[in-house]
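Since the structure comes first, as structure tokens, the remarks are kept for the end.
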Amino acid sequence: MANRRMYGPTCGRKLLLAGAVVLALTVPVVIGLIDVSQVRAQSAENPRFEVASVKLHVGGADRNTLVPPTVLPGGRFVSRFPLAILISYAYKLPGNQSRVTGIPDWTKSPQGVYDVEATSAMPPGLSMEARNDRVRAMVQALLVDRFKLVIRRESKEMPVYALLVAKGGPKLQRADIDEKDCPEASPNVLGPQSPSTPMPDVCHAFNGGVGRGLHARAANMSDLASFVENWTDRPLLDKTGIQGLYRFETGPYLRMDAMAARSDVLDAPTVFEMFGQVGLRMEPQKGVVEVYVIDHIEKPSEN
């Protein structure tokens, strides 16, 4: 089962990225780590957009103007986010970028926000999941063509968190749907279109995040770890051994970096405490994970 990811920022001066993540929290993202033995962004086999426009964003770059990578009807794709987030989207990576090395600081800053608009006809008969994966492949090709991206994947031992069952056992609510009855996929790679809808209608999808809690109709432990990893400071690996689908409905929680000091969630539990409420725990360990290494990337010549 593919993991699902969202995006999360670093701290420090890059307040833009904080706003980007706040926006991402209101537009849930459902993505997963790509399952291939080797990734080469420069692969000629990737499908390409028929028309694509890439322009450095000029003007405001806050939660009101930023647009996360979004698939629209008619084969349209739009994004107005930092380039680092677009790369995470294309390769189905968590937004905390703990699994990416070699990425320049400018790709995470206001100077790295690009307006991307592209279109491409979709072959008939594609499933929703296949359509979304095809768009990601086209974004990979765009990153190669316009940003000269060279990226590779390797295994690396590094600090991780293990998601484990807490003392006393799990306190989880079984989902009201079985895997065999799950809808094929989300109608959009970003999940439900209305941020006011707290509970996704599809399986393996979360809504919410920092300050909004976790909301899922039917998700497994891998989905949970992958989603929350966007707000941890290292990879989060599911080692619970728990199988099946569960419903999640928690209160807000805090992230694990300095950007957590939001006045509206200061009294919220930490991510550690949030897991404790459902009978789970996070334990620091070392583990081998797959990471992406960026060997080269450059600012594009527009269009």
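Numbering (this note's numbering), first residue to last: 56 to 358.
For each residue, glycine too, the CB sits at the ideal point set by N, CA and C.
For clarity, every value in this text was computed on a predicted model and none was experimentally measured.
By the 10 Å Cβ neighbour count, where 16 or more other Cβ atoms means buried, how is residue i classified, buried or exposed?
{"i": "Q393", "result": "In the structure displayed, the chain extends from 56 to 358; residue 393 sits before or after that span and is not available."}
{"i": "H259", "result": "buried"}
{"i": "L127", "result": "exposed"}
{"i": "D278", "result": "buried"}
{"i": "K147", "result": "buried"}
{"i": "R60", "result": "For R60, the predicted model reports a pLDDT of 48, less than 50, meaning its position is unreliable; a value from the coordinates is still stated below. Flag for R60 reads buried."}
On the DSSP bridge list, what partners appear for residue i?
{"i": "M213", "result": "G342"}
{"i": "D170", "result": "K110 and R135"}
{"i": "Y347", "result": "V155 and R208"}
{"i": "M337", "result": "L218"}
{"i": "T125", "result": "V133"}
What's the gap between the Cα of residue i and the Cα of residue j?
{"i": "V133", "j": "Y308", "result": "30 angstroms"}
{"i": "A196", "j": "N101", "result": "6 angstroms"}
{"i": "V106", "j": "V199", "result": "15 angstroms"}
{"i": "Q340", "j": "P290", "result": "10 angstroms"}
{"i": "T174", "j": "S356", "result": "19 angstroms"}
{"i": "P124", "j": "R118", "result": "14 angstroms"}
{"i": "D288", "j": "V205", "result": "25 angstroms"}
{"i": "L269", "j": "A217", "result": "19 angstroms"}
{"i": "P137", "j": "R302", "result": "32 angstroms"}
{"i": "A185", "j": "P179", "result": "11 angstroms"}
{"i": "L335", "j": "I140", "result": "29 angstroms"}
{"i": "F261", "j": "C237", "result": "14 angstroms"}
Are the C-beta of residue i and some C-beta of chain D separated by less than 8 angstroms?
{"i": "Q166", "result": "No chain D appears in the structure shown, which is made up of a single protein chain."}
Looking at the structure shown, is residue i part of a helix, part of a strand, or coil, going by DSSP?
{"i": "S318", "result": "For S318, the pLDDT reaches just 45, beneath the cut-off of 50, and the residue's location in the model is therefore unreliable, although a value from the coordinates is still provided. S318 falls in the coil class under three-state DSSP."}
{"i": "G268", "result": "strand"}
{"i": "F282", "result": "helix"}
{"i": "E304", "result": "strand"}
{"i": "M177", "result": "coil"}
{"i": "A260", "result": "coil"}
{"i": "D117", "result": "coil"}
{"i": "L332", "result": "Before going on, a small fix: residue 332 reads as Gln here, not Leu. Of the three classes helix, strand and coil, the one that applies to Q332 here is helix, per DSSP."}
{"i": "D231", "result": "coil"}
{"i": "T162", "result": "helix"}
Note down, in chain order, each residue of its chain lying with its Cβ closer than 6 angstroms to the Cβ of residue i, except the 5 sequence neighbours on either side.
{"i": "G306", "result": "G268"}
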